[in-house]
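Here's the structure we're looking at; comments come further down.
Number of protein chains: 2
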Amino acid sequence: MISKNRIKYIESLQRKKIRDEEKLYVVEGDKIVREFLASGAMVNSLVAKPEFISSLPPGLLKNVKEVEEISYNELKQVSSLKTPHNALAILDMPDRKLDVSILGNELTVALDFIQDPGNLGTIIRAAGWFGIKNIICSPDCVDIYNPKVVQASMGAMLHTDVYYSDLEKLFIFASDNEIPIFGTLLEGEPIYTRELDKQGIILLGNESKGVSERLKRYITDPLMIPRFSKAGPGIDSLNVGMAASVVFSEFRRR
Amino acid sequence: MISKNRIKYIESLQRKKIRDEEKLYVVEGDKIVREFLASGAMVNSLVAKPEFISSLPPGLLKNVKEVEEISYNELKQVSSLKTPHNALAILDMPDRKLDVSILGNELTVALDFIQDPGNLGTIIRAAGWFGIKNIICSPDCVDIYNPKVVQASMGAMLHTDVYYSDLEKLFIFASDNEIPIFGTLLEGEPIYTRELDKQGIILLGNESKGVSERLKRYITDPLMIPRFSKAGPGIDSLNVGMAASVVFSEFRRR
């Protein structure tokens, strides 16, 4: 069985500092672990209850470097969930370098200071569904390997490449190369009737502050999702995950 | 200041049984409490730190029956949040009777066994934004007055009427009256190219099981949100709150 030191080590991966040092992150939950195994991604270690391991078709273990058995109580100790499932997987962080030449060829999402892990996970999930491969986060966005982000993304992390990068530099490059920057702003134009390109950057802003002033001036196409409520203004809002779903859907349906 | 018994009483409202007996529910958090006060809704009691109360414009208290001062430690005791804010409001549950004659005149949402409070709150929020007034939940949906639902709906509860009702009976009535029932199903037709009415029922199903078999046969217009991911099938999914946002947006943009 698993050693006490190893348990402490896995638990320590809940901290960003340790994850960044070790270049490892943790995926938790039976369904999502199965999806990661099935995806063919290299898995550094599968840590699971014996029943879970024996329930797997042998083919699913071919990309797993190490299989570690763990008891429920030990799993509880290393888990970031209130009620742990039966398995977790430890994965190597991919070492990604952003290739800016993609920006002119496809749709890319840029996120300005997204703070809530659930929102980042939801946006990744929506990007996965709507076939958007690249997401570029400002350095002050929540960490993609935060357990709550991984949880909320529900496996969509597997085919989405997330980068952290200075958005202003990126937007200067985009401006110089006439790549459109679509931004969701309260004062934008209704998205339903705007012409939308098949290439460009979709910028989504912070949950409460929206897009920062510093970045606003680079937006070439300000967009908004019209509100249909008959109630007084100011009460309704869409959260950024819901807004992302609608915006991605609008870009894709055309 | 507030008595110990009163604190226990407010805390007890976290339980559905007690809420239903007392016909009261609790709204928590500074922003949402301010929104409820500003909306003109009758507030049974405002329970808040003295600083919060004195910061309110006097006009906001005109529909408040009782104002109770509370300390931070006491608030912590009655709060359903890990980190409580400065105020909560206790409200009377509205006594709503569903008038089925509305079904033929506008868009209504029907929810089949939505279990996650965050999802129900998100759907209410999306309905608020897209101007859908009535939501009919199957009796096995999570309770609308569950603190997490109230939190996630972010004040949209104020102009959305939520009912709990047997959906099969409702759908029989709709069928008899030729009211369309739009259902989101994996095997539905792409929503982008379907004709969508301005009236009818939009049915959303359970998070993992989708729409139950019993209800499926009443669907007159099966819909789906096309998936644009190039990755293999089966990994991607949209959660029901994201799907609701896209579906409501599609109905409204036409």
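Respectively, the protein sequence lines represent chains A and B. Counting along the first sequence from 1, when you hit position 47 you're at 47 in our numbering, and nothing is skipped either side. Just so we're on the same page, our numbering is the position in the second sequence counted from 1, plus 1000. In this text, a Cβ means the ideal position worked out from N, Cα and C, and glycines have one as well.
Sub-9 Å separation of residue i and residue j beta-carbons
i, j, result
"B:His-1085", "B:Asp-1030", "yes"
"B:Val-1064", "B:Leu-1037", "yes"
"B:Ala-971", "B:Leu-1167", "Since the displayed chain B opens at 1001 and closes at 1254, residue 971 of chain B lies outside it and no answer follows."
"B:Val-1078", "B:Ile-1007", "yes"
"A:Met-242", "B:Ala-1041", "no"
"A:Val-47", "A:Leu-81", "no"
"A:Ser-175", "A:Thr-220", "yes"
"A:Asp-99", "A:Lys-16", "no"
"B:Asp-1112", "B:Gly-1205", "yes"
"A:Ile-202", "A:Ile-102", "no"
"A:Glu-35", "A:Gly-155", "yes"
"B:Ser-1012", "A:Ile-225", "no"
"B:Arg-1252", "A:Phe-228", "yes"
"A:Glu-106", "A:Gln-199", "yes"
"A:Met-1", "A:Ser-45", "no"
"B:Arg-1254", "B:Leu-1170", "no"
"B:Ser-1245", "A:Ser-245", "yes"
Cβ distance (whole Å) where residue i is taken to contact residue j below 8 Å
i, j, result
"B:Ile-1053", "B:Glu-1066", "No, B:Ile-1053 and B:Glu-1066 are not in contact; Cβ-Cβ is about 12 Å, not under 8 Å."
"A:Leu-75", "B:Trp-1129", "A:Leu-75 to B:Trp-1129, Cβ: 40 Å. No contact."
"A:Ser-247", "A:Ile-191", "Just to set this straight, residue 247 of chain A is Val in the shown sequence, not Ser. Contact holds; Cβ gap of about 7 Å."
"A:Leu-158", "A:Ser-39", "5 Å"
"A:Tyr-163", "A:Ile-136", "5 Å"
"A:Glu-207", "A:Gln-115", "6 Å"
"A:Ile-90", "A:Ile-10", "7 Å"
"A:Pro-147", "A:Val-26", "7 Å"
"A:Gly-104", "A:Ile-179", "5 Å"
"A:Lys-230", "A:Gly-183", "Going by Cβ atoms, the distance from A:Lys-230 to A:Gly-183 rounds to 27 Å, so no, they are not a contact pair."
"A:Thr-108", "A:Asn-73", "Between A:Asn-73 and A:Thr-108 the Cβ distance is about 44 Å, and since that is not below 8 Å, they are no contact."
Under 9 Å by beta carbon: chain B residues contacting residue i
i, result
"A:Lys-82", "None at all; the shortest Cβ gap to chain B is about 12 Å."
Extent of the continuous beta strand (DSSP E) to which residue i belongs
i, result
"A:Leu-186", "181–190"
"B:Val-1026", "1024–1028"
"A:Asp-92", "87–92"
"B:Asp-1221", "1221–1224"
"A:Ala-110", "107–111"
"B:Val-1100", "Counting along the chain, B:Val-1100 falls outside any beta strand (DSSP E), and DSSP gives it neither H nor E."
"B:Asp-1161", "1161–1164"
Within chain A, the residues that residue i reaches when beta carbons sit closer than 8 Å
i, result
"B:Leu-1120", "Here the premise fails: no neighbours, minimum Cβ distance about 14 Å."
Limits of the alpha helix (DSSP H) - the one that residue i falls within
i, result
"B:Leu-1120", "1117–1129"
"B:Met-1242", "1240–1253"
"B:Glu-1074", "1072–1078"
"B:Glu-1069", "Taken as a continuous stretch (DSSP letters only), B:Glu-1069 belongs to no alpha helix (DSSP H), being part of the beta strand (DSSP E) at 1067–1069."
"A:Val-260", "Shown here, chain A extends from 1 to 254; a query on residue 260 of chain A therefore has no answer."
"B:Ser-991", "Given that chain B is displayed from residue 1001 to residue 1254, the structure contains no residue 991 of chain B and the question cannot be resolved."
"B:Asn-1206", "Premise fails: B:Asn-1206 is in no alpha helix (DSSP H) and is neither H nor E."
"B:Ile-1132", "Where B:Ile-1132 is concerned, there is no enclosing alpha helix (DSSP H), given that its DSSP letter is neither H nor E."
"B:Asp-1176", "1167–1176"
"A:Tyr-218", "Here A:Tyr-218 belongs to no alpha helix (DSSP H), and DSSP marks it neither H nor E."
"B:Asn-1044", "No alpha helix (DSSP H) contains B:Asn-1044, which DSSP labels as neither H nor E."
"B:Ser-1012", "1004–1012"
Per-residue contacts from residue i into chain A (C-beta, under 7 Å)
i, result
"B:Arg-1253", "Tyr-192"
"B:Met-1154", "Ser-237"
Contact list for residue i against chain A, beta-carbon separation under 9 Å
i, result
"B:Arg-978", "A question about residue 978 of chain B goes unanswered here, because the residues of chain B that appear run from 1001 up to 1254."
"B:His-1085", "Residues of chain A passing the Cβ test: none, with the nearest at roughly 14 Å."
"B:Lys-1230", "Gly-131, Lys-133, His-159"
Beta carbon proximity, residue i to chain C, threshold 9 Å
i, result
"B:Val-1043", "Looking at the structure shown, chain C is missing, and the protein chains on hand are A and B."
Cross-chain neighbours of residue i in chain B, by beta carbon under 7 Å
i, result
"A:Arg-227", "Trp-1129"
"A:Val-246", "Ser-1245, Val-1246, Ser-1249"
Any contact between the segment 1117–1129 of chain B and the segment 1081–1095 of chain B? By contact I mean 3 or more CB pairs, one from each, below 8 Å.
By the Cβ test, the segment 1117–1129 of chain B is not in contact with the segment 1081–1095 of chain B, since fewer than three Cβ pairs between them sit closer than 8 Å.
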